[in-house]
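Q: Position 263 (the sequence shown) corresponds to 264 in this note's numbering; numbering is contiguous.
C-beta: ideal position from N, C-alpha, C; glycine also.
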Amino acid sequence: MPGKPTFADFGPWAQKNIGFDPTAKSLSSWISTNTRTFLASIEDHIFYSRLQSLVEAHKANATHQQINIVTIKPELNVKSVDSIISKLYRINVVENGNFPNPKGERWVGANDIFKELKDIIRTTIVCRHIDEPAKITALIESICKELELPCHVNAQAKEHGYYAYHVYVVFNFEFTNMAWESFRENVYFEIQITTEMQYMLYALTHVFYEAEREKLDLIQDTWKWDYKSAKFSASYLSHSLHLLEGLLLRLYEDVATNANQPAVLGTEDHALSKSIDNEATDNNAMPEPLGEQ
2 MPGKPTFADF
12 GPWAQKNIGF
22 DPTAKSLSSW
32 ISTNTRTFLA
42 SIEDHIFYSR
52 LQSLVEAHKA
62 NATHQQINIV
72 TIKPELNVKS
82 VDSIISKLYR
92 INVVENGNFP
102 NPKGERWVGA
112 NDIFKELKDI
122 IRTTIVCRHI
132 DEPAKITALI
142 ESICKELELP
152 CHVNAQAKEH
162 GYYAYHVYVV
172 FNFEFTNMAW
182 ESFRENVYFE
192 IQITTEMQYM
202 LYALTHVFYE
212 AEREKLDLIQ
222 DTWKWDYKSA
232 KFSASYLSHS
242 LHLLEGLLLR
252 LYEDVATNAN
262 QPAVLGTEDH
272 ALSKSIDNEA
282 TDNNAMPEPL
292 GEQ
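1) From this set, V171, H130, T195, E246, which residue's C-alpha is nearest A156's C-alpha?
2) Measure the C-alpha to C-alpha separation of W14 and T64 and round it to an integer number of angstroms.
3) Quick one: what does DSSP say E149 is sitting in, helix, strand or coil?
4) Among the residues of its own chain, which have a CB less than 8 Å from the CB of D10, if the five just before and after it don't count?
5) How far does the beta strand (DSSP E) with N187 in it reach, from first residue to last?
6) Buried or exposed for N35, going by 16 or more other Cβ atoms inside 10 Å?
7) When the distance is taken between beta carbons, is Y189 closer than 8 Å to Y166?
8) So, are the CB atoms of D113 and K80 less than 8 Å apart?
9) Under 7 Å: does the beta carbon of S234 sit that close to some heavy atom of the ligand FMN?
10) So who's on the other strand from V127, going by DSSP bridges?
11) Using DSSP's beta-bridge definition, name the partner residues of T177.
12) According to DSSP, is H167 helix, strand or coil?
13) Assuming N93 and V109 make a contact with CB atoms under 8 Å, what is their CB distance in whole Å?
14) Can you say whether H271 is buried or exposed, counting buried as having 16 or more other CB atoms within 10 angstroms of its CB?
15) Relative to the C-alpha of A158, which residue among L245, A139, I47, S239 is closest?
16) Taking the alpha-carbon positions, what's the K146 to K88 distance?
17) Locate the alpha helix (DSSP H) running through W31, then write down its first and last residues.
18) Tell me whether K225 sits in a helix, a strand or coil according to DSSP, three-state version.
19) Mind checking who F172 pairs with in its DSSP beta bridge?
20) Is it buried or exposed for W181, if we count other Cβ within 10 angstroms and need 16 for buried?
21) In the DSSP assignment, what are the bridge partners of V56?
22) Buried or exposed: A235, going by 16 or more other Cβ atoms within 10 Å of its Cβ?
23) Just to check my reading of the structure: F174 and E191 have Cβ atoms closer than 8 Å, yes? What is that Cβ distance to the nearest angstrom?
24) For L250, which residues from the same chain have a beta carbon less than 7 Å from its beta carbon, with the 5 sequence-adjacent residues on both sides left out?
25) DSSP three-state label for K5, please.
26) Taking F21 as part of the alpha helix (DSSP H), name the residues at either end of that continuous run.
27) Tell me which residue opens and which closes the alpha helix (DSSP H) that V82 is part of.
28) Applying the 10 Å Cβ sphere with the 16-neighbour rule, what's the burial state of H59?
29) Look at the alpha carbon of G12 and the alpha carbon of L118, and state the distance between them as a whole number of angstroms.
30) Would you give the residue range spanned by the alpha helix (DSSP H) that F115 belongs to?
Pasting the structure below:
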């Protein structure tokens, strides 16, 4: 059985097995043209305007609200050509347990890029508390339903410590194929929704995962014991933060509950208090302090 090609050998392998050259300048130009078209189509769509309004309506302030969004504006990010080629390599080779055969019915090639890759255009919404990503997701789903746009939700909770909700909104846009002929395709717009602490940690540690994505010789679980590694620290810190965020929200809820209730004695405490009062009356004196007995 032939071994998996490294990323450096992906070009010749893809030409032979899939029928495209990942290093060709013509491919890079074609991808760039279509990603610009994709970006412009999202920017001009009413959905994006509604998403901006959602963010503006739930901006965080000094008080605790049901939804507290700290993102100023949902900026649109475009996946680079290099990242797209890397993703094709990972789909067909690194993450393919069926190699040397395709992972699915066939190999994922250049003509499949815009229908198979779900994060070519993406944005991130950052909020304060652990219960808010689900609430924001529900609001986005409502917008999609109103605009008759299909959408899919994936609550991410990865072993290496990534926590976020992903919403994939499906659009039907016009593109050009490799022969520069127009065609329409269903494509995904990815919205990542996460908390402030998780976002800051991800921004700091994402580089470690980027460096390992294309490696073939990783032993899956050894990092869990390598306490000196950056991956160990980042992963378990993320899990710890997730727990801490849950505890903090629970504290918010407990404080809010107590603030709305009068400070009265419970039934058992009231009975005990009455018993002590009766005893003190019978003895015609209050109980002595413990230190003076």
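A: The structure says:
1) Locating residue 156 in the sequence shown gives position 155, where the first residue counts as 1. Across the set V171, H130, T195, E246, the C-alpha of T195 shows the shortest separation from the C-alpha of A156.
2) Numbered from its first residue, the sequence shown carries residue 14 at position 13. Numbered from its first residue, the sequence shown carries residue 64 at position 63. Rounded to the nearest angstrom, the two C-alpha atoms are 57 Å apart.
3) Numbered from 1 along the sequence shown, position 148 holds the residue referred to as residue 149. E149: coil per DSSP, three-state reduction.
4) Residue numbering aside, residue 10 sits at position 9 when the sequence shown is read from its first letter. Nothing listed; no residue qualifies.
5) Here the question's residue 187 lines up with position 186 in the sequence shown. Segment 183-196, the beta strand (DSSP E) holding N187.
6) Residue numbering aside, residue 35 sits at position 34 when the sequence shown is read from its first letter. Answer is buried; the Cβ neighbour count reaches 16.
7) Numbered from 1 along the sequence shown, position 165 holds the residue referred to as residue 166. Numbered from 1 along the sequence shown, position 188 holds the residue referred to as residue 189. Contact annotation: Y166 and Y189 have beta-carbon atoms that are not nearer than 8 Å.
8) Taking the first residue of the sequence shown as position 1, residue 113 is located at position 112. Taking the first residue of the sequence shown as position 1, residue 80 is located at position 79. Between D113 and K80, the CB-CB gap reaches or exceeds 8 Å.
9) The ligand FMN is absent from the structure shown, which contains no ligand whatsoever.
10) Working through the sequence shown from its first residue, we reach residue 127 at position 126. Partner(s): T195.
11) Looking up residue 177 in the sequence shown gives position 176. T177 is bridged to S183.
12) In the sequence shown, residue 167 corresponds to position 166, counting from 1. Three-state DSSP puts H167 in a strand.
13) Numbered from 1 along the sequence shown, position 92 holds the residue referred to as residue 93. Numbered from 1 along the sequence shown, position 108 holds the residue referred to as residue 109. Confirmed, about 6 Å.
14) For the purposes of this step, residue 271 is identified with residue 270 of the sequence shown, where counting begins at 1. Its pLDDT being 45, under 50, H271 is placed unreliably by the model, and the measurement read from it follows with that caveat. Taking a 10 Å sphere around the C-beta of H271, we find fewer than 16 other C-beta atoms and assign the residue as exposed.
15) Here residue 158 refers to the residue found at position 157 of the sequence shown. Looking only at L245, A139, I47, S239, the smallest Cα-Cα distance to A158 is reached by S239.
16) If you number the sequence shown from 1, residue 146 lands on position 145. If you number the sequence shown from 1, residue 88 lands on position 87. For K146 and K88, the distance between alpha carbons rounds to 30 Å.
17) If you number the sequence shown from 1, residue 31 lands on position 30. Run containing W31: 26-45, per the alpha helix (DSSP H) assignment.
18) To locate residue 225, count along the sequence shown from 1; it is residue 224. Looking at K225 - three-state DSSP - the assignment turns out to be helix.
19) Stepping through the sequence shown from its first residue, residue 172 is reached at position 171. BP columns for F172 point to V188.
20) For this step, residue 181 is matched to residue 180 along the sequence shown. W181 should be labelled exposed.
21) Here residue 56 is taken as the residue at index 55 of the sequence shown, counted from 1. Its beta-bridge partners do not exist; DSSP assigns none.
22) Here residue 235 corresponds to residue number 234 of the sequence shown, with the count starting at 1. Burial call: buried.
23) As a position in the sequence shown, residue 174 is number 173, starting the count at 1. As a position in the sequence shown, residue 191 is number 190, starting the count at 1. Not a contact, Cβ separation roughly 15 Å.
24) Taking the first residue of the sequence shown as 1, we reach residue 250 at position 249. Excluding sequence positions up to five before and after L250, its CB lies within less than 7 Å of the CB of H130, I131, D132, all in the same chain and listed in chain order.
25) For the purposes of this step, residue 5 is taken as the residue at position 4 of the sequence shown. The DSSP-derived three-state label of K5 is coil.
26) Translated into the one-based positions of the sequence shown, residue 21 becomes position 20. No alpha helix (DSSP H) contains F21, which DSSP labels as neither H nor E.
27) If you number the sequence shown from 1, residue 82 lands on position 81. Counting along the chain, the alpha helix (DSSP H) containing V82 begins and ends at 82-90.
28) Residue mapping note: residue 59 aligns to position 58 of the sequence shown, counting from 1. So H59 ends up on the buried side.
29) One-based indexing of the sequence shown puts residue 12 at position 11. One-based indexing of the sequence shown puts residue 118 at position 117. Rounded to whole angstroms, G12 to L118 spans 19 Å at the Cα level.
30) As a position in the sequence shown, residue 115 is number 114, starting the count at 1. F115 -> alpha helix (DSSP H) spans 114-117.
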